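Notes for the one structure printed next.
Residue numbers (UniProt numbering): 1 to 143.
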């Protein structure tokens, strides 16, 4: 499951809801900023983080799973790979009702940034303000 964000995020937890059935997910691999994964690649590749989802029971089927904050700074997308479920191989389909994230959003600035940096200003590049004395003059006497 590929989830793109509209800006950069710092993710600190994952919220997941699933029904208390054997089709509930058990192992989840999370990949940061990868949009090129398929099932074969995701099963072999080392994830950014892997989490074990507790087996849901009636009344306790929503889980907030903390994530390692150091791994999830400047995240623009997350790919989720539900590796297996609680059926011990008896069910091929894994069912998830809701996935959410908690964290901080930082907007992406896709516009060019214009700035001017002068280590030493060149007076000929700047217009002098009329009526101000000493503009463009030497600061130290004798030069």
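Positions of the beta carbon are idealized from the N, C-alpha and C atoms, including for glycine.
Nothing here was measured: the structure is a model prediction, and the numbers come from that model.
- Message: Three or more C-beta pairs under 8 Å: does that hold for the region 2 to 13 against the region 60 to 74?
- Response: yes
- Item | Proximity to residue 33 [Cα-Cα], best of 78, 71 and 54 | Of the listed residues, the one whose Cα sits closest to residue 33 is 78.
- Excluding five sequence neighbours on each side, which residues of the same chain lie with their C-beta closer than 8 Å to the C-beta of residue 19? 56, 61, 95 and 97
- For residue 25, count neighbouring Cβ atoms within 10 angstroms of its own Cβ and tell me buried if that reaches 16, exposed if not. buried
- Determine the extent of the beta strand (DSSP E) in which residue 64 is found, giving its start and end residues. 62 to 66
- Task: Jot down the residue ranges of each uninterrupted alpha helix (DSSP H) in the UniProt domain "PITH" (1 to 121), minimum 4 residues, whole runs only, in chain order.
- Result: 39 to 44
- By Cβ distance below 7 Å, which residues in the same chain neighbour residue 74 in space, the five residues on each side in sequence not counted? 8
- Apart from the five residues on each side of it in sequence, which residues of its chain come closer than 6 Å, Cβ to Cβ, to residue 82? 25, 28 and 94
- Item | Nearest candidate by alpha-carbon position, reference residue 46, set 126, 22 and 31 | 31
- Item | Contact check, residue 127 vs residue 3, beta carbons under 9 Å | no
- Item | Selection from 102, 85 and 1 that minimises the alpha carbon distance to residue 22 | 85
- Query: Expressed to the nearest angstrom, what Euclidean distance is found between the alpha-carbon atoms of residue 89 and residue 43?
  - Reply: 16 Å
- Ordered along the chain, which non-local residues of its own chain (more than five positions away) have a Cβ less than 6 Å from that of residue 122? none
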